[in-house]
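Report on one structure; see the data block that follows.
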Amino acid sequence: MAINPLHDIAQWRTRKSGIRGIPSVCSAHPLVIEASMLRAMEADSLLLVEATCNQVNQEGGYTGMKPSDFRLFVEKIAKKVFFPLEKLILGGDHLGPNPWKHLPADDAMGRAAAMIEAYAKAGFAKLHLDTSMGCAGEPVALSDEMTAQRAARLASVAERAIEGSQAVLPVYVIGTEVPIPGGAMEELDILEVTSPEAAVETVEIHRKAFRDAGVENAFSRVIAAVVQPGVEFGNHNVIAYAPETAKALSASLARLPGMVFEAHSTDYQTPEALRQLVDDGFAILKVGPGLTFALREALYGLDAIASFLNPSARAQTLMETAEQVMIQKPENWNKYYKGSREELLIQRHFSYSDRIRYYWPQPEMTHSVEELFAFFEGQEIPETLISQYLNGLYPQVRSRKSGNSPKELVLASIQRVLDDYFMACEI
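The sequence shown begins at 538 in the working numbering and counts up one residue at a time.
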């Protein structure tokens with residue numbers, strides 16, 4: 538079997554050149570994936586793309602894709618932009634009972650087992666085992682021992698799924714202090730950083746659980762633990778990384794040979810904070826909503842330009858279509874956003890949590906974006922309007938580092954965010 542390129546990630550910090558960490562692109566949006574591939578090619582770097590348990594699972598998830606479908610979807614984009622498949626790593630994020638936690642544990646874990654089997658058979662090379670949440674009738678958060686036992690069960694399923702195949706042996710990520718997918722549900726003020734003792738104990742409890750389950754070999758491929766370094770975002774605010782508060786946690790990696798930490802919810806951190814996270818051993822930087830937030834910013838900027846140039850050209854603006862769809866189908870935001878009518882309007886469109894990302898695959902939204910792009914066919918967008926409505930991209934357009942077609946502007950908006958991640962991971 539081929540060697541998993543992430544297997545020796547703990548040794549990357551000793552390199553004199555190359556990369557010390559890796560961004561983890563958690564998105565199923567085709568333009569986000571395309572922008573990520575273009576940026577990775579520019580850096581001549583590996584690209585890690587992860588699908589979450591809610592986006593992609595054996596039942597289709599909210600994208601309608603199973604793991605094998607997601608692989609074909611990503612590889613199709615790679616072929617279009619000439620991205621080398623040997624540099625593509627697919628990962629599964631939050632693999633566990635989360636999509637079915639409203640069910641009894643046996644049922645939820647049975648479905649989680651079927652999900653991770655599908656991910657493993659589809660050749661996903663990085664598997665994040667997340668069994669930290671309680672199911673129906675259980676506490677919201679489980680004990681470390683129960684979490685580890687369930688994680689080991691899922692690892693056993695994944696290992697059996699690839700027996701006799703030529704698939705790359707997967708690496709695993711474990712942890713019990715795991716943020717929920719997509720950011721916090723409440724307003725945040727301060728976060729408690731994982732204690733060094735808790736991080737080390739969690740790893741040792743998982744080591745024992747894997748041994749008891751007969752999958753010691755799988756544990757030898759556990760490359761990271763998810764911990765809380767003190768970064769998160771809510772609907773309205775971002776908790777910035779404070780290195781001094783995570784100093785002891787970072788130092789605990791000396792007691793965890795062959796491992797790094799995986800930092801979730803790093804969206805909206807500054808370039809300096811991202812680089813410091815990598816310096817401190819948080820070598821896997823997860824980002825998702827921050828990328829679709831940049832996508833939405835660019836699309837709404839183009840929407841405003843089109844409305845200024847010809848207010849009657851379209852029956853509805855993209856923003857009006859988005860509002861209509863979200864009101865008609867509120868299930869992806871109404872449990873997460875709170876406040877007055879005006880506050881809910883702002884959150885639906887401009888929240889850091891970016892729950893509008895769940896709606897881009899909807900046919901009405903797809904059609905509206907296509908209609909917006911078609912509006913600009915055969916005409917050049919004036920630089921002055923880019924300055925007014927897409928100001929962050931104006932310097933790149935003026936310097937000719939970016940074209941000014943709608944798609945080029947959207948890709949450039951996403952890549953501005955990706956730049957911070959790739960640069961943070963480079964020596």
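From the three backbone atoms N, C-alpha and C, an ideal C-beta is built for every residue, glycine too.
Selection from the options that minimises the alpha carbon distance to residue i
i	options	result
P914	N869, R648 and N941	One detail in the question is off: residue 914 reads as Glu in this sequence, not Pro. Ranking N869, R648 and N941 by Cα distance to E914 puts N941 first.
L824	D667, T854 and S890	Note on identity: in this sequence residue 824 is Val, with Leu being the wrong assignment. Nearest option by C-alpha distance: S890.
E587	L632, D957 and V934	L632
M856	L839, L609 and N869	L839
N541	V562, Q703 and T739	Q703
C962	I556, E734 and I742	I556
S950	A850, L836 and P707	L836
I760	I821, N594, F607 and P780	I821
P780	A810, S789 and V764	A810
R550	V797, E860 and Q865	V797
Q916	N871, R894 and N847	N847
A655	V593, D681, I711 and E907	V593
E901	I964, F845 and T854	T854
D956	T807, F661 and L609	T807
L930	S849, L882 and E834	E834
K663	Q899, I614 and L584	L584
I918	R687, G598, K944 and F610	K944
A638	V710, Q861, G628 and C590	Looking at the sequence shown, residue 638 is not Ala but Lys. Cα-wise, what sits closest to K638 is C590.
Q630	G598, Q548, T903 and D681	It is worth fixing the name first, because residue 630 is Asp in this sequence and not Gln. Closest by alpha carbon: G598.
V954	P826, K872 and A762	P826
E714	V740, S582, P707 and L691	V740
L568	D545, F610, S605 and E596	F610
I742	P707, E682 and T731	E682
I570	Q548, F607, E738 and Y896	F607
Q548	R744, A577, C563 and F819	F819
Check whether residue i and residue j have beta carbons under 9 Å apart
i	j	result
A698	I626	no
A755	S693	yes
D804	A783	no
A539	V705	yes
L966	A831	Because the chain here runs from 538 to 964, residue 966 falls outside it and cannot be looked at.
T858	S905	yes
A642	E675	yes
A746	A689	yes
A1023	K603	Summary: the structure shown does not reach residue 1023, with the chain confined to residues 538 through 964, and so no result is reported for it.
N774	Q884	no
R1016	E920	Shown here, the chain extends from 538 to 964; a query on residue 1016 therefore has no answer.
F959	A580	yes
E753	S802	no
L575	I559	no
L967	A800	What the structure shows of the chain is the stretch from 538 to 964, and residue 967 is not part of that stretch, so it cannot be assessed.
A695	A750	no
Y874	R892	yes
V764	L728	no
A685	A645	no
Y508	G795	With the chain represented from 538 up to 964, any question about residue 508 goes unanswered, as that position is not in the structure.
S554	I864	no
Q899	V947	no
A841	L793	no
R552	Q595	no
H886	E907	no
T600	A565	yes
Delimiting residues of the alpha helix (DSSP H) encompassing residue i
i	result
K624	Where K624 is concerned, there is no enclosing alpha helix (DSSP H), given that its DSSP letter is neither H nor E.
A695	D681 to A698
I653	A642 to K658
Y958	P943 to C962
V815	P808 to D816
Y931	Y931 to R935
L575	P567 to A580
V611	P604 to V618
Terminal residues of the beta strand (DSSP E) in which residue i lies
i	result
Y837	Counting along the chain, Y837 falls outside any beta strand (DSSP E), though it belongs to the alpha helix (DSSP H) covering P826 to L846.
C510	Residue coverage of the chain in this structure runs from 538 to 964, which leaves residue 510 outside it and unanswerable.
V710	V708 to I711
K663	K663 to L666
E587	L584 to T589
Contact with chain C by residue i, beta-carbon distance below 9 Å
i	result
G633	Absent here is chain C; the protein component of the structure consists of one chain.
- Counting Cβ pairs, one atom from each stretch, are 3 or more of them under 8 Å apart for the stretch 607 to 622 and the stretch 918 to 928? no
- Secondary structure, alpha helix (DSSP H): runs of 4+ residues fully inside the stretch 851 to 898: 855 to 865 and 878 to 887
- In chain order, each alpha helix (DSSP H) run of at least 4 residues that lies wholly inside the stretch 746 to 796: 753 to 756 and 784 to 788
- Item | Uninterrupted alpha helix (DSSP H) stretches inside the stretch 895 to 923 (no shorter than 4 residues) | 900 to 912
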